[in-house]
Every structure is written in structure tokens, then in C-alpha cells.
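Participant:
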Amino acid sequence: METSKNTSAPIKWCLASLAGIIAGVLVLVYLVMPLNAERRKVETNVTAQLRKVDQALLALRKLPETQQRHADLGDLLEGETNRFVLRPVLGSYPVQRDIYRLASETGFNVQSVREIGKTPTPVTTGTDYKQAKTRGRRGPADRKPAQPEIAPWFARYMVEVTGEGSYAVILALIDRLEQDNPYCGLAGLTIRGLPNNVERHRAILMLEWPVAADPLPVAAKGKGAAR
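Heads up, the sequence shown stops at 1232 in our numbering, and the numbers go up one at a time, no gaps.
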């Protein structure tokens, strides 16, 4: 009888130990590990939120600097607009006066000046560029012509100038035009030789100056606001 009791005691002890081990494993698997995973998730979320808070505080600290830069850019834009954006005088833009003045300085012989008039300025954005690349990977049948947006503030005043001069004189005229107004652009240039004078050439310059754009129609404004 004593031998049976002595034998069952180690077995009970082993079973109790095994039950304790199993209970510990179950606690580890179903309680500790999920809690650790949840803790890591919470820590990650808290870290991300703290990073956002730090960024917001940094932006707030830089707010006076940003406001000052915004004001400086506004003053710069106003100054550049007042200096270089053409305004009509008695219903016409004073481009011929500048063309003849600069042509006289450089020796370019102006034969005609044709004012084409105001042309809308298309707007190109990064999204337009990505869409153009995507369309380029498609077949020709899949390509659809995009309707460019129109810049609401500035338009281009196009002028065609025809005259004669050497290569150096033509380049000097273009350089003087751009010096006189940095926003004056050369949109097109055609040069043809003269049969009776190899040193002089006939040049057709397509020039553009910035001018104030016409007010957009109400429908176009609504479309732009919706975007």
C-alpha cells in the first residue's frame, strides 16, 4: 500500500508540472503574444502621431517666416507685373514702338510688323505630363487630344516681325528684345537667304509679350473651381 502511494506521488507531480507547462504555453500564446503585438501596434501608431505633431509644431514655428515669404513673393509678382506685363495705351499695345527702337539700335531693317493679337496661354502641369506619358504607351487609336487648361491671369500678345539683317544683327535684335523685357519670348524664327546679298538674310520673327488675360467665362470658372 505504501509502495502504491510512493509511486503515485511522482506521477501526480509530473502531471501537475506538465499541466503547469501547458498552462504557461497557453498563456504565452493566447495572452502574452497578442498583448505584445498590440503593444507594438500601439507604439507604432503613437510614434507616427508624435511625428505628425512635431511636423505641425515645426510648421507653426515657421508660420511667420512663411507669411513673410508669401508677402515678399506677392510684392515681387506685383513689381514684375507692373514693369513687364504690357497694358494697352489708347486701345493698342505699344509693341511697335519698342520693336522699331531696338531694331534701330541693332541695325535690323524692319519691313513689316503684323500684330496678331492676344492669345490664351495654355497651362502644363505635372499631371498633364504623366498623362501624356501614359498616352504615349498606348496605341494611336487610344490617344485622345487633351483640352489644355487656360492660364487665368496672363495671355500672350503675338507679333510677327519681318525684316533683313545679318545673322549677328538678327541675334542682337533677339538679345535686345529679351533684355528690354525678360518675359518677351521668341515663339518662332524663319531665316531665308537673299540672292543678291549673301551677308544679309530675310528673317521672320514670331514674338510674344505677356499681357493681362481676358476674364474667363462663368462656365470655365465653375469648371476650374470644381477641379
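The beta carbon of each residue, even a glycine, is placed where N, CA and C say it ideally should be.
Helix or strand or just coil, what does DSSP make of Arg1161?
Facilitator: For the purposes of this step, residue 1161 is identified with residue 156 of the sequence shown, where counting begins at 1. Strand at Arg1161.
Participant: Specify the secondary structure class of Arg1092 as computed by DSSP and reduced to three states.
Facilitator: Position 87 of the sequence shown, counted from the first residue, corresponds to residue 1092. Three-state result, Arg1092: coil.
Participant: If you run the structure through DSSP and keep just helix, strand and coil, what is Thr1126?
Facilitator: By one-based count along the sequence shown, residue 1126 stands at place 121. The answer is strand: DSSP assigns Thr1126 an E or B state.
Participant: Among Glu1204, Lys1123 and Arg1074, which residue has its Cα nearest to the Cα of Arg1092?
Facilitator: Here residue 1092 is taken as the residue at index 87 of the sequence shown, counted from 1. It is Lys1123.
Participant: Find the nearest neighbour of Arg1102 within the set Leu1182, Pro1039 and Asn1201, judged by alpha-carbon distance.
Facilitator: Within the sequence shown, residue 1102 is the residue found at index 97, counting from 1. Among Leu1182, Pro1039 and Asn1201, the Cα nearest to that of Arg1102 is on Leu1182.
Participant: Round the Cβ separation of Pro1125 and Ala1160 to the nearest angstrom and send it over; I've been treating them as touching at under 8 Å.
Facilitator: As a position in the sequence shown, residue 1125 is number 120, starting the count at 1. As a position in the sequence shown, residue 1160 is number 155, starting the count at 1. That belief holds up - the Cβ atoms of Pro1125 and Ala1160 are roughly 6 Å apart, short of 8 Å.
Participant: Alpha carbon to alpha carbon, how far is Arg1056 from Ala1177? Give it in angstroms, no decimals.
Facilitator: If you number the sequence shown from 1, residue 1177 lands on position 172. If you number the sequence shown from 1, residue 1056 lands on position 51. Whole-angstrom Cα-Cα distance: 56 Å.
Participant: Distance, Cα to Cα, Leu1212 vs Gly1096?
Facilitator: Taking the sequence shown and counting its residues from 1, the one referred to as residue 1212 is at position 207. Taking the sequence shown and counting its residues from 1, the one referred to as residue 1096 is at position 91. Those two C-alpha atoms are separated by around 20 Å.
Participant: Have a look at the DSSP bridge pairing and note the partners of Val1216.
Facilitator: Working through the sequence shown from its first residue, we reach residue 1216 at position 211. In DSSP, Val1216 forms a bridge with Leu1091 and Ala1160.
Participant: If I follow the unbroken beta strand (DSSP E) through Gly1198, where does it start and stop?
Facilitator: The sequence position of residue 1198 within the sequence shown is 193, counting from 1. Here the beta strand (DSSP E) through Gly1198 covers Gly1190 to Leu1199.
Participant: Secondary structure at Ser1109, three-state DSSP: helix, strand or coil?
Facilitator: As a working mapping, residue 1109 is identified with position 104 in the sequence shown. Reduced to three states, the DSSP call for Ser1109 is helix.
Participant: Since Arg1119 contacts Val1090 with CB under 8 Å, what's their CB separation in whole angstroms?
Facilitator: To locate residue 1119, count along the sequence shown from 1; it is residue 114. To locate residue 1090, count along the sequence shown from 1; it is residue 85. Actually they are not in contact, since the Cβ atoms of Arg1119 and Val1090 sit about 22 Å apart, beyond 8 Å.
Participant: Applying the criterion that 16 or more other CB atoms from any shown protein chain within 10 Å of the CB defines a buried residue, is Ile1175 buried or exposed?
Facilitator: Position 170 of the sequence shown, counted from the first residue, corresponds to residue 1175. Buried, because 16 or more other Cβ atoms sit within 10 Å of the Cβ of Ile1175.
Participant: Quick check: the Cα distance between Leu1040 and Lys1067, rounded to an integer number of angstroms?
Facilitator: What you label residue 1040 is simply residue 35 of the sequence shown in a count that begins at 1. What you label residue 1067 is simply residue 62 of the sequence shown in a count that begins at 1. Their Cα atoms are separated by approximately 40 Å.
Participant: What's the C-alpha gap between Arg1045 and Thr1071?
Facilitator: The residue given as residue 1045 occupies position 40 in the sequence shown. The residue given as residue 1071 occupies position 66 in the sequence shown. Going from the Cα of Arg1045 to the Cα of Thr1071 covers about 37 Å.
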